[in-house]
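Report on the following structure.
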Amino acid sequence: MTEFILKRVLQALLVLIVMTMLVFFGVNVVGNPVYIFASSECDQACLNKIIVDLGLDRPIWEQYLTFVGNMLQGDLGNSFTHGVPALHLIFERLPATLELAFAALVIALVVGLPLGMVAGLRPEAWYSKGIMGFSMIGFSLPVFWIGLIMILVFSVQLGWMPAIGRGDTAVVLGIESSFFTLDGLHHLLMPAFTLSLIMMAMVIRLTRAGMREVLFADYIKFARANGIRERRILSVHVMKNILIPIVTVLGMEFGGVIAFAVVVESIFSWPGVGKMLIDAIGVLDRPLIVAYLVFVVFMFVILNLAVDILYSVLDPRVRLDGRPS
Amino acid sequence: MSAVVAVGSGRDLWRRFLQVPSAVAALVVFAGFCVLGFGAPWIAPQNPYDLTQVDILDSLLPPGSQSFSGMTYWLGTDGQGRDMLSAMLYGIRISLVVGLLSGLLALAFGTLVGLIAAYRRGWVDTVLMRIVDLQLSFPTILVALILLVILGRGVDKIIFALVVVQWAYFARTVRGVALVEGARDYVEAARGLRLGGMRILLGHILPNCLPTMLVVATMQMAMAISLEATLSFLGLGLPPTRPSLGLLIANGFDYLQSGRYWISVLPGLALLAIIVSANLLGDRLRDVLNPRL
Numbered sequence: 185m186t187e188f189i190l191k192r193v194l195q196a197l198l199v200l201i202v203m204t205m206l207v208f209f210g211v212n213v214v215g216n217p218v219y220i221f222a223s224s225e226c227d228q229a230c231l232n233k234i235i236v237d238l239g240l241d242r243p244i245w246e247q248y249l250t251f252v253g254n255m256l257q258g259d260l261g262n263s264f265t266h267g268v269p270a271l272h273l274i275f276e277r278l279p280a281t282l283e284l285a286f287a288a289l290v291i292a293l294v295v296g297l298p299l300g301m302v303a304g305l306r307p308e309a310w311y312s313k314g315i316m317g318f319s320m321i322g323f324s325l326p327v328f329w330i331g332l333i334m335i336l337v338f339s340v341q342l343g344w345m346p347a348i349g350r351g352d353t354a355v356v357l358g359i360e361s362s363f364f365t366l367d368g369l370h371h372l373l374m375p376a377f378t379l380s381l382i383m384m385a386m387v388i389r390l391t392r393a394g395m396r397e398v399l400f401a402d403y404i405k406f407a408r409a410n411g412i413r414e415r416r417i418l419s420v421h422v423m424k425n426i427l428i429p430i431v432t433v434l435g436m437e438f439g440g441v442i443a444f445a446v447v448v449e450s451i452f453s454w455p456g457v458g459k460m461l462i463d464a465i466g467v468l469d470r471p472l473i474v475a476y477l478v479f480v481v482f483m484f485v486i487l488n489l490a491v492d493i494l495y496s497v498l499d500p501r502v503r504l505d506g507r508p509s
Numbered sequence: 286m287s288a289v290v291a292v293g294s295g296r297d298l299w300r301r302f303l304q305v306p307s308a309v310a311a312l313v314v315f316a317g318f319c320v321l322g323f324g325a326p327w328i329a330p331q332n333p334y335d336l337t338q339v340d341i342l343d344s345l346l347p348p349g350s351q352s353f354s355g356m357t358y359w360l361g362t363d364g365q366g367r368d369m370l371s372a373m374l375y376g377i378r379i380s381l382v383v384g385l386l387s388g389l390l391a392l393a394f395g396t397l398v399g400l401i402a403a404y405r406r407g408w409v410d411t412v413l414m415r416i417v418d419l420q421l422s423f424p425t426i427l428v429a430l431i432l433l434v435i436l437g438r439g440v441d442k443i444i445f446a447l448v449v450v451q452w453a454y455f456a457r458t459v460r461g462v463a464l465v466e467g468a469r470d471y472v473e474a475a476r477g478l479r480l481g482g483m484r485i486l487l488g489h490i491l492p493n494c495l496p497t498m499l500v501v502a503t504m505q506m507a508m509a510i511s512l513e514a515t516l517s518f519l520g521l522g523l524p525p526t527r528p529s530l531g532l533l534i535a536n537g538f539d540y541l542q543s544g545r546y547w548i549s550v551l552p553g554l555a556l557l558a559i560i561v562s563a564n565l566l567g568d569r570l571r572d573v574l575n576p577r578l
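For the protein sequence lines, the chains are D and Y, in the order given. Numbering (our numbering) for the first sequence: 185 to 509. Numbering (our numbering) for the second sequence: 286 to 578.
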């Protein structure tokens, strides 16, 4: 067990080193950061001063080590445009993104599970085919297009929903969130639904596949033979068993949701980290871009590591085979 | 060992493909868009990037309007006075080119890696598949985003980014199929004839991987077109001088709030039709060719 965890942690560290290198060298070597600082009347002496100030006269590996050293102390540089530490900005914007992702997760489960169960119970019915068609659309249509149409229909044409921005927030138990005000929920609904579609499609498919498998299992037959009501069989016996793969996949996909939040946030002007990244790219705020990328890579590697270790605790076969089948 | 897949002759497969009306419709739609896109320079009423042909006074006209010179804008005009129909035809062309090229390159590279992994086995296989696992553990949109932030805009850059995020799917699929095929009797027979490893790999195993590759390639191409549109919409993919459908939609997004729907909705519908028809095609191909995906 210890050996397995140690191996995985080492692997995660290796990935982190490679990814930070890619991001650092990519952003700092391919482009030339000097010209971002330099004003147009900057002469050679002034340019040289900037180069020394930024440490660009030192060898590149030394620059990278300085970058890593600062990173380990939680210093990812200051944002050019905001003039405050980049990491500070990220943590300021993160709650809005997490809120959006969490709301999307809830919608995906609340809508996707029942639809998947219906489609699994009666696979040949027309409505089941409709549900599966819907899930295919959820998978294949670009997220930004769905968001756009939602704005056109519900905001511009019908005027039911606010098109952009985050609504009022309230603080409950020390957490500031839109969940606690009506205006906040009103603003949250459309972006969260848009973001939830991919996950919803996945939940529908997994639930349906799980139903088809579990419904024919012996313990369901025994439960029926024991006279347990169908409703209880579905909500307890079947549900328990189909939830395992769904929870696992959703756990692994949560990072993907954060990544897709970039798209949804830019459409709905949701003030989260994704919108911040796109704005930062627009004005070439390099420290902020690097900080975001490093932050997301960190989050990802740690998420994957956590899922791997959790898996090995829950299912000992993973440790022995080396990978889940 | 799984049952031998029944793959009939070409004509037989074609007949089975045509049995489902939605697949036929998808084929017609997709082929139609290919003709429209690749024929854009000859079909389009206007070259939307030739400034001498575009009149800024004609900007933001709704579909069906007429210009001063008597030309009818069937699908309206955008903020710069470009004919939407022409802009869309050129946009379809770029979207298709990017999707097809990146799909083909990813297919070639991924297949190479997959075949090598399946053929060499041992540590080569382990290392390659570890890299594939790693690549697949990151969401495609995130990797593409990072690459494009670093590389900047450009047709070559977005194709590179799309190949990077796609090759791993091909590598894993091809390795899986090649491993199964490699254990079959005909490979054993070829070995018995003392044919070289390369010849067995390319001449015997590869052709039997083709049906699977075709299905994955169709699906991946749809994904590539969708991803390219998303990235261009965010302002990361193609340069404004080569507007794909995604960029056209992004341009129109600014006008959406004021009710000028046609600038982003029409290119969006074209994008939709391409993606959905490619997906339906892939679905049907999978049913007909029946690879174990």
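All C-beta atoms in this analysis are idealised placements derived from N, C-alpha and C, irrespective of residue type, glycine included.
C-alpha gap between residue i and residue j, whole angstroms
{"i": "D:Thr204", "j": "D:His266", "result": "23 Å"}
{"i": "D:Arg416", "j": "Y:Val501", "result": "41 Å"}
{"i": "Y:Met504", "j": "Y:Ser562", "result": "10 Å"}
{"i": "Y:Gly407", "j": "Y:Ala474", "result": "23 Å"}
{"i": "D:Met460", "j": "D:Gly258", "result": "19 Å"}
{"i": "Y:Ala311", "j": "D:Phe484", "result": "38 Å"}
{"i": "D:Thr186", "j": "D:Met436", "result": "23 Å"}
{"i": "D:Trp454", "j": "Y:Leu523", "result": "24 Å"}
{"i": "Y:Gly647", "j": "Y:Asn493", "result": "Residue 647 of chain Y cannot be examined here, being either before or after the span of chain Y that is shown, 286 to 578."}
{"i": "Y:Gln304", "j": "Y:Leu298", "result": "10 Å"}
{"i": "D:Leu200", "j": "Y:Phe323", "result": "43 Å"}
{"i": "Y:Leu570", "j": "D:Gly331", "result": "30 Å"}
{"i": "D:Val467", "j": "D:Val433", "result": "36 Å"}
{"i": "D:Ala401", "j": "D:Met395", "result": "10 Å"}
{"i": "D:Leu289", "j": "Y:Tyr471", "result": "49 Å"}
Under 7 Å between C-beta atoms of residue i and residue j
{"i": "Y:Arg460", "j": "Y:Ala391", "result": "no"}
{"i": "Y:Ala316", "j": "Y:Leu374", "result": "no"}
{"i": "Y:Ala456", "j": "Y:Gly384", "result": "no"}
{"i": "D:Ile428", "j": "D:Thr391", "result": "no"}
{"i": "D:Trp329", "j": "Y:Gly531", "result": "no"}
{"i": "Y:Ile444", "j": "Y:Leu386", "result": "yes"}
{"i": "D:Leu260", "j": "D:Ala270", "result": "yes"}
{"i": "Y:Val409", "j": "Y:Ala453", "result": "no"}
{"i": "Y:Phe318", "j": "Y:Ile548", "result": "no"}
Proximal residues of chain Y, C-beta to C-beta of residue i below 8 Å
{"i": "D:Asn488", "result": "Ser422"}
{"i": "D:Ala443", "result": "Pro424, Ile426, Leu427, Leu430"}
{"i": "D:Leu336", "result": "Leu541, Tyr546, Val550"}
7 Å Cβ cutoff, residue i in contact with chain Y
{"i": "D:Ile473", "result": "yes"}
{"i": "D:Ser324", "result": "yes"}
{"i": "D:Ile382", "result": "no"}
{"i": "D:Gly440", "result": "yes"}
{"i": "D:Gly210", "result": "yes"}
{"i": "D:Val478", "result": "no"}
{"i": "D:Val447", "result": "yes"}
{"i": "D:Ile189", "result": "no"}
{"i": "D:Ile539", "result": "The question about residue 539 of chain D has no answer here: the residues shown for chain D are numbered 185 through 509."}
{"i": "D:Ile462", "result": "yes"}
Interface partners of residue i on chain D, CB under 7 Å
{"i": "Y:Phe518", "result": "Phe328"}
Min CB distance residue i to chain D below 7 Å
{"i": "Y:Gly567", "result": "no"}
{"i": "Y:Ala580", "result": "Lying outside 286 to 578, the shown extent of chain Y, residue 580 of chain Y is not represented and no answer is given."}
{"i": "Y:Val434", "result": "yes"}
{"i": "Y:Met369", "result": "no"}
{"i": "Y:Asn564", "result": "yes"}
{"i": "Y:Gly553", "result": "yes"}
{"i": "Y:Leu541", "result": "yes"}
{"i": "Y:Ser511", "result": "yes"}
{"i": "Y:Ile379", "result": "no"}
{"i": "Y:Ile560", "result": "yes"}
Cross-chain neighbours of residue i in chain D, by beta carbon under 8 Å
{"i": "Y:Leu556", "result": "Pro326, Trp329"}
{"i": "Y:Ile534", "result": "Phe328, Trp329, Leu332"}
Under 7 Å from the C-beta of residue i: neighbouring residues of chain Y
{"i": "D:Ser450", "result": "Leu519"}
Practice item. Could you tell me whether the region 310-330 of chain D touches the region 505-515 of chain Y, using the rule of 3 or more Cβ pairs below 8 Å? Key: yes
Exercise for review: Assess, as a yes-or-no matter, whether the region 417-429 of chain Y is touched by the region 485-494 of chain Y under the definition of 3 or more beta carbon pairs within less than 8 Å.
Suggested key: no
Check your understanding: With contact counted as at least three CB pairs below 8 Å, one residue from each stretch, are the region 342-351 of chain D and the region 405-424 of chain D in contact?
Key -> In the pairwise beta carbon analysis, the region 342-351 of chain D is classified as not touching the region 405-424 of chain D: fewer than three pairs are separated by under 8 Å.
Point to revise | Touch test, the region 383-390 of chain D against the region 285-304 of chain D, Cβ-Cβ under 8 Å, three pairs minimum | key: yes
Check your understanding: Within the chosen definition, does the region 431-448 of chain D reach the region 228-236 of chain D through at least 3 CB pairs nearer than 8 Å?
Key -> no
**Study point:** Contact the region 375-382 of chain Y vs the region 530-550 of chain Y: 3+ CB pairs below 8 Å
**Key:** Touching, yes, given that three or more Cβ pairs across the two stretches are closer than 8 Å.
Exercise for review: Mind the definition here: the region 283-293 of chain D touches the region 490-499 of chain D only if three or more C-beta pairs lie below 8 Å; say whether that holds.
Suggested key: no
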